[in-house]
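Peer 1:
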Amino acid sequence: MSTSKIKTTVEEMVQPYLDEHGFELVDVEYVKEGSNWFLRVFVDKDGGIDIDDCGLISEHLSQKLDENDPIPTAYFLEVSSPGAERPLKKKEDVAKSVGKNVFVTVYEPINGLKEFEGKLESFDNEELVIQTAKKQHVIPYAKVASARLAIIF
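Reading the sequence shown from the start, the letters are residues 1053 to 1205 in my numbering.
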């Protein structure tokens, strides 16, 4: 089974539990690091997620994975918070981040730049407006390669 199929299958397994208990699925990763495979599930909720939440989700998902056995190789399951610099995977994530500091990379340069870090001034589902230290940048959402919250010191 491909890694994208595994990610989709895991999302489908865990989403009903997360919805029922007020959690948000931020991301699922299935990656090989060295000789080991890791299945990482990043979850959040209003007010933040704690270790007990992660433990409950991990137990539920582990049981579902054992029942359905969609992953043919041995792996380590990790359930955690996305952290302070959480990825912004969906348009809804970007929209909720207006007014916050973000770090955005693009597929092709915009005004000679491929990375932007600053305050997300606005997002209209088509364009992000980011105020950096030097100027304001308008970035088409279709050109965004990755986006995450940023802690600026």
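Positions of the beta carbon are idealized from the N, C-alpha and C atoms, including for glycine.
(1) Report the residue from Ser1198, Ser1087, Leu1129 whose alpha carbon sits nearest the alpha carbon of Gly1107.
(2) Quick one: grab the DSSP three-state call for Tyr1127.
(3) What number of angstroms, rounded off, separates the C-alpha of Lys1195 from the C-alpha of Ala1185?
(4) If you run the structure through DSSP and keep just helix, strand and coil, what is Pro1068?
(5) State buried or exposed for Val1083, treating a residue as buried only when at least 16 other CB atoms are found within 10 Å of its CB.
(6) Roughly how many angstroms separate the alpha carbons of Glu1081 and Phe1090, rounded to a whole number?
(7) Quick one, are the C-beta atoms of Glu1173 and Pro1192 less than 9 Å apart?
(8) Taking all protein chains shown into account, do 16 or more other C-beta atoms lie within 10 angstroms of the C-beta of His1189, making it buried, or fewer, making it exposed?
(9) For Ile1182, report the span of its beta strand (DSSP E) as first-last.
Peer 2: Result, derived from the coordinates:
(1) Nearest C-alpha to Gly1107: Leu1129.
(2) Here Tyr1127 sits in coil by DSSP.
(3) Here the alpha carbon of Lys1195 sits roughly 21 Å from the alpha carbon of Ala1185.
(4) Helix, per DSSP.
(5) Counting Cβ neighbours within 10 Å, Val1083 comes out exposed, since fewer than 16 surround it.
(6) Those two C-alpha atoms are separated by around 8 Å.
(7) No, Cβ-Cβ distance for Glu1173 and Pro1192 is not below 9 Å.
(8) Counting the other CB atoms within 10 Å of its CB gives His1189 a total of 16 or more, which places it among the buried residues.
(9) For Ile1182, the enclosing beta strand (DSSP E) has its first and last residue at 1179 to 1183.
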